[in-house]
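Line order of the protein sequences matches chains A and B. Adding 47 to a residue's 1-based position in the first sequence gives its number in the working numbering. Adding 47 to a residue's 1-based position in the second sequence gives its number in the working numbering. Note that the Cβ used here is the ideal one computed from N, Cα and C, for glycine as well. A quick note: this is a predicted structure, and the numbers were derived from the prediction, not measured. Report on the following structure.
Number of protein chains: 2
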Amino acid sequence: MRETDFVSGFARGLKVIEAFGETRQRLTIAEASKLTGLDRATVRRSLLTLSELGYAVFDGKFFTLTPKILRLGHAYLAATPLPTIIQPHLDQLAERAGQNASASVLDGTEVVYIARASQRRVMSINLTPGSRLPAFCASMGRVLLAALSEGEARSVLERTDLRANTPNTKTDPEELMAEFRRVREQGYAVIDQELEIGLCSIAVPVENDRGQTVAAINIGAPAAYVAASDMAEQFLPLLKETQKALRLVLP
Amino acid sequence: MRETDFVSGFARGLKVIEAFGETRQRLTIAEASKLTGLDRATVRRSLLTLSELGYAVFDGKFFTLTPKILRLGHAYLAATPLPTIIQPHLDQLAERAGQNASASVLDGTEVVYIARASQRRVMSINLTPGSRLPAFCASMGRVLLAALSEGEARSVLERTDLRANTPNTKTDPEELMAEFRRVREQGYAVIDQELEIGLCSIAVPVENDRGQTVAAINIGAPAAYVAASDMAEQFLPLLKETQKALRLVLP
DNA sequence: CCTAATTTGTGCGATATATGAACAAATATC
DNA sequence: GATATTTGTTCATATATCGCACAAATTAGG
């Protein structure tokens, strides 16, 4: 790609939108400038452009994103058949399991939720389509990383900030690589409170008819309700059933 | 705002992202150009920029959005406290009602889903946060439009494509305005298969502690399961309870 | 297999945008 | 209440982008 095939004004604008992540609902020009590392004048022009288009509003001091911004992400969710196909299966899975079920794909070092069926609330985090978690310590992440080649998986780990979320979090790369091999062999991953104390989860890959892993689905349950060692016994048959059903409908 | 405070390259890029709406997962440069009305060279540069940043991939012919694009919309969902605060209440509501519950806000002439709790699948449409429906024929839309001034509500109707989705859809502006008044008085809206045959729903406004309507929540049920005339009796107490709980926690 | 029709890639002049400094206004600090 | 600091805005100019026109490549049709 040539230099001139890159629209830096566009790239800068996207960076500004992402600056509204986390808990930052309202940003001043200076704040956005600091967060993005862009010049104040540039950030101001991007924000004013967003306002002009209705993606943001400006009250004289703060800029706030509007729901119109959801159109951008929704273009992906609506356009990609995966979430639409998976959702009904997920609903059924959650209902039969009596627990939350989710689906996600890998994006770099993170898993991104693309669909979710809530049955009960156990996590402190609010997960919706678009939510992200570090792949190395999430059950779906383990499954998705296990589907990569050894080299690719190792490369992801190298780029990951292997921070322990709980005392249970496995952070040793070699231990994780061994875990991926185990997951690949047994066909599922179980997480025992590595992400959040009190939460266990079990995930299986979602494969298309050519056997390629295109996503992962999981069931999460309170540790007080199901011990990690019982997760497979209790939920694996349901997950396998959903996995099988999806293999038949995915292109 | 001055002319020069508008970054047209950014605006053009956003338009390109939105071109991936509907069922268009893959777009060629020419297709995106037709959909956006932008010059091919411009679209090409925007798409190459998206690819360079990892928001899209190019296989030599088609451009496809990647899950990274979800970060953009998610910046809003994560940053706005509304979805996070409402979600647990919605989960509880859906569980107690045994039906799907959703929350949405108004964006122009459409309602935008910001949270959802699925219990069962009755709609043919797949609704996730970010999904949009025309406000005039959705229960939450009626509630949100009823919260506007008469002039504003009328203005929205004027800008709306009042297309009938089913034989039941009310499309006469005066009839709709009268409906808004009724909704405002009784404090809830019931939709009887105006959006989709076989689907009824009931919605109430979500108000903050100053009495301002900031969102709407609803419960949808199959018409075969609950007649429209029974919706209020069956679900209004639950909705009112959730509404009251939310009023106490919303800023 | 060749021609016509589309689609895609590229060079260039005109136009639009980014930059960084300078200034004014608003906050914060003492 | 005066000074220091941060913040928002403006401006001139160097730089980058836009859209057009043309060439190359691909696809469709006969």
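Item to check | Span of the beta strand (DSSP E), counted from its first residue to its last, around residue 154 of chain A | outcome: Here residue 154 of chain A refers to the residue found at position 107 of the first sequence. In the DSSP assignment, residue 154 of chain A falls within the unbroken beta strand (DSSP E) covering 147 to 154.
Item to check | Contiguous alpha helix (DSSP H) assignments of at least 4 residues, all confined to the stretch 113 to 152 of chain B | outcome: The alpha helix (DSSP H) runs of length 4 or more contained entirely in the stretch 113 to 152 of chain B are, from start to end of the chain, 117 to 126, 128 to 144.
Item to check | Positions along the stretch 110 to 135 of chain A whose CB lies within less than 8 Å of some CB in chain B | outcome: Under the 8 Å Cβ criterion, the stretch 110 to 135 of chain A contributes 112, 113, 114, 115, 116, 117, 118, 119, 120, 121, 122, 123, 124, 125, 126, 127, 128, 130, 131, 134, 135.
Checklist entry - Relative to the C-alpha of residue 212 of chain A, which residue among A/195, A/234, A/187, A/239 is closest? => result Stepping through the first sequence from its first residue, residue 212 of chain A is reached at position 165. For the residues A/195, A/234, A/187, A/239, the minimum Cα distance to residue 212 of chain A belongs to A/239.
Next on the checklist: With a threshold of 8 Å between beta-carbons, can residue 65 of chain B be considered close to chain A, or not?
Outcome noted: Locating residue 65 of chain B in the second sequence gives position 18, where the first residue counts as 1. So yes, residue 65 of chain B belongs to the interface.
Checklist entry - Nearest-angstrom Cα distance between residue 144 of chain A and residue 132 of chain A? => result The residue you call residue 144 of chain A lines up with position 97 of the first sequence. The residue you call residue 132 of chain A lines up with position 85 of the first sequence. Straight-line Cα distance between these residues: approximately 19 Å.
Checklist entry - Under a CB-based cut-off of 8 Å, is residue 176 of chain B close to chain A? => result Counted from its first residue, the second sequence places residue 176 of chain B at position 129. Judged by the 8 Å Cβ criterion, residue 176 of chain B is in contact with chain A.
Checklist entry - Residues of chain A with CB under 7 Å from residue 96 of chain B, in chain order? => result Looking up residue 96 of chain B in the second sequence gives position 49. 53, 54, 57, 58, listed in chain order.
Item to check | residue 263 of chain B burial status per 10 Å Cβ neighbour count (16 or more: buried) | outcome: Mapped onto the second sequence, residue 263 of chain B falls at position 216. By the beta-carbon neighbour count (other beta carbons within 10 angstroms, threshold 16), residue 263 of chain B is buried.
Checklist entry - Looking only at C-alpha atoms, which of B/55, B/96, B/269 sits nearest to residue 92 of chain A? => result On the first sequence, residue 92 of chain A is found 45 positions in, with the first residue counted as 1. For residue 92 of chain A, the closest alpha carbon among the candidates B/55, B/96, B/269 is that of B/55.
Checklist entry - Mapping DSSP to helix, strand and coil, what is residue 213 of chain B? => result Counted from its first residue, the second sequence places residue 213 of chain B at position 166. It is coil, neither helix nor strand.
Checklist entry - For residue 241 of chain A, which option in A/230, A/136, A/275 has the closest C-alpha, if you only look at C-alpha atoms? => result One-based indexing of the first sequence puts residue 241 of chain A at position 194. With distances taken between Cα atoms, residue 241 of chain A lies closest to A/275.
Checklist entry - With residue 250 of chain A and residue 296 of chain A assumed to form a contact (beta carbons below 8 Å), what rounded beta-carbon distance in angstroms separates them? => result Residue numbering aside, residue 250 of chain A sits at position 203 when the first sequence is read from its first letter. Residue numbering aside, residue 296 of chain A sits at position 249 when the first sequence is read from its first letter. In fact, because the Cβ distance is near 19 Å, the residues do not count as touching under 8 Å.
Next on the checklist: Quick test of the definition: if touching needs 3 or more C-beta pairs under 8 Å, does the stretch 107 to 125 of chain B touch the stretch 281 to 293 of chain B?
Outcome noted: Counting Cβ pairs under 8 Å, fewer than three are found: no touch.
Item to check | Inter-residue Cα distance where the pair is residue 202 of chain A and residue 51 of chain B | outcome: Taking the first sequence and counting its residues from 1, one reaches residue 202 of chain A at position 155. Taking the second sequence and counting its residues from 1, one reaches residue 51 of chain B at position 4. Rounded to the nearest angstrom, the two C-alpha atoms are 44 Å apart.
Next on the checklist: Against chain A, with Cβ distances strictly below 8 Å, would residue 72 of chain B count as a contact?
Outcome noted: Working through the second sequence from its first residue, we reach residue 72 of chain B at position 25. Among the CB atoms of chain A, one or more fall inside 8 Å of the CB of residue 72 of chain B.
Next on the checklist: Please list, in chain order, the chain A residues whose beta carbon lies closer than 8 Å to that of residue 78 of chain B.
Outcome noted: In the second sequence, the residue the question calls residue 78 of chain B occupies position 31. The premise fails here: residue 78 of chain B is roughly 12 Å from chain A at the closest Cβ pair, so nothing lies under 8 Å.
Item to check | Which of helix, strand or coil DSSP assigns to residue 80 of chain B | outcome: Counting from 1 along the second sequence, the entry for residue 80 of chain B is found at position 33. Taken through DSSP and simplified to helix, strand or coil, residue 80 of chain B comes out as helix.
Checklist entry - What residue does the alpha helix (DSSP H) around residue 60 of chain B start on, and which one ends it? => result By one-based count along the second sequence, residue 60 of chain B stands at place 13. Residue 60 of chain B -> alpha helix (DSSP H) spans 55 to 66.
Next on the checklist: Tell me which residues share the same chain as residue 194 of chain B and place their Cβ nearer than 7 Å to its Cβ, disregarding the 5 neighbours each side in the sequence.
Outcome noted: Position 147 of the second sequence holds residue 194 of chain B. If the five residues before and after residue 194 of chain B are omitted, its C-beta is found closer than 7 Å to the C-beta atoms of 252, 260, all from its own chain and listed in chain order.
Checklist entry - What is the rounded straight-line gap between the Cα of residue 136 of chain B and the Cα of residue 146 of chain B? => result Within the second sequence, the letter at position 89 stands for residue 136 of chain B. Within the second sequence, the letter at position 99 stands for residue 146 of chain B. Looking at the backbone, the Cα of residue 136 of chain B and that of residue 146 of chain B are separated by about 14 Å.
Next on the checklist: Please classify residue 130 of chain A as buried or exposed, where buried requires at least 16 neighbouring CB atoms within 10 angstroms.
Outcome noted: Within the first sequence, residue 130 of chain A is the residue found at index 83, counting from 1. The residue in question, residue 130 of chain A, is buried, as its Cβ has 16 or more Cβ neighbours within 10 Å.
Next on the checklist: Quick check on the DSSP output: the alpha helix (DSSP H) that includes residue 239 of chain B runs from which residue to which?
Outcome noted: For the purposes of this step, residue 239 of chain B is taken as residue 192 along the second sequence, with counting starting at 1. Careful: residue 239 of chain B lies outside any alpha helix (DSSP H), inside the beta strand (DSSP E) at 236 to 239.
Checklist entry - What number of angstroms, rounded off, separates the C-alpha of residue 76 of chain A from the C-alpha of residue 126 of chain B? => result Along the first sequence, read from residue 1 onward, the residue named residue 76 of chain A stands at position 29. Along the second sequence, read from residue 1 onward, the residue named residue 126 of chain B stands at position 79. C-alpha separation (whole angstroms): 17 Å.
Checklist entry - With DSSP run on the structure shown, which of helix, strand or coil describes residue 243 of chain A? => result Within the first sequence, numbered from 1, the residue matching residue 243 of chain A stands at position 196. If DSSP states are grouped into helix, strand and coil, residue 243 of chain A belongs with coil.
Checklist entry - Are the beta-carbon atoms belonging to residue 128 of chain B and residue 72 of chain A less than 8 Å from one another? => result Counting from 1 along the second sequence, the entry for residue 128 of chain B is found at position 81. Counting from 1 along the first sequence, the entry for residue 72 of chain A is found at position 25. It is a contact, given that the beta carbons lie within the stated cut-off.
Next on the checklist: Could you pull the DSSP bridge partners for residue 252 of chain A from this structure?
Outcome noted: The residue you call residue 252 of chain A lines up with position 205 of the first sequence. Partner(s): A/263.
Checklist entry - Using a C-beta cutoff of 8 Å, does residue 92 of chain B count as contacting chain A? => result To locate residue 92 of chain B, count along the second sequence from 1; it is residue 45. With 8 Å as the cut-off, residue 92 of chain B counts as an interface residue toward chain A.
Checklist entry - Would a check of beta-carbon distances place residue 159 of chain A closer than 8 Å to chain B? => result Against the first sequence, residue 159 of chain A aligns to sequence position 112. For residue 159 of chain A, the closest Cβ of chain B is nearer than 8 Å.
Item to check | Bridge partners - residue 157 of chain B, DSSP secondary structure assignment | outcome: In the second sequence, the residue the question calls residue 157 of chain B occupies position 110. The bridge partners DSSP lists for residue 157 of chain B are B/154, B/181.
Next on the checklist: For a contact defined as C-beta to C-beta under 7 Å, what are the partners of residue 164 of chain A on chain B?
Outcome noted: If you number the first sequence from 1, residue 164 of chain A lands on position 117. For residue 164 of chain A, the chain B residues whose C-beta falls within less than 7 Å of its own C-beta are 165, listed in chain order.
Checklist entry - residue 222 of chain A touches chain B at which residues, Cβ-Cβ below 7 Å? => result As a first step, residue 222 of chain A must be located in the first sequence, where it is residue number 175. At a C-beta separation below 7 Å, residue 222 of chain A has no neighbours in chain B, since its nearest C-beta there lies roughly 27 Å away.
Checklist entry - Which of the three DSSP states, helix, strand or coil, is assigned to residue 94 of chain B? => result By one-based count along the second sequence, residue 94 of chain B stands at place 47. Helix, per DSSP.
Item to check | Sub-8 Å separation of residue 103 of chain B and residue 82 of chain B beta-carbons | outcome: Taking the first residue of the second sequence as position 1, residue 103 of chain B is located at position 56. Taking the first residue of the second sequence as position 1, residue 82 of chain B is located at position 35. No; because the gap between Cβ atoms is not below 8 Å, this pair is not in contact.
Next on the checklist: Quick check: is the beta carbon of residue 31 of chain B nearer than 8 Å to any beta carbon in chain A?
Outcome noted: This structure leaves residue 31 of chain B out entirely; chain B is present only between 48 and 298.
Checklist entry - Of all the CB atoms in chain B, is at least one closer than 8 Å to the CB of residue 152 of chain A? => result Numbered from its first residue, the first sequence carries residue 152 of chain A at position 105. Residue 152 of chain A counts as touching chain B.
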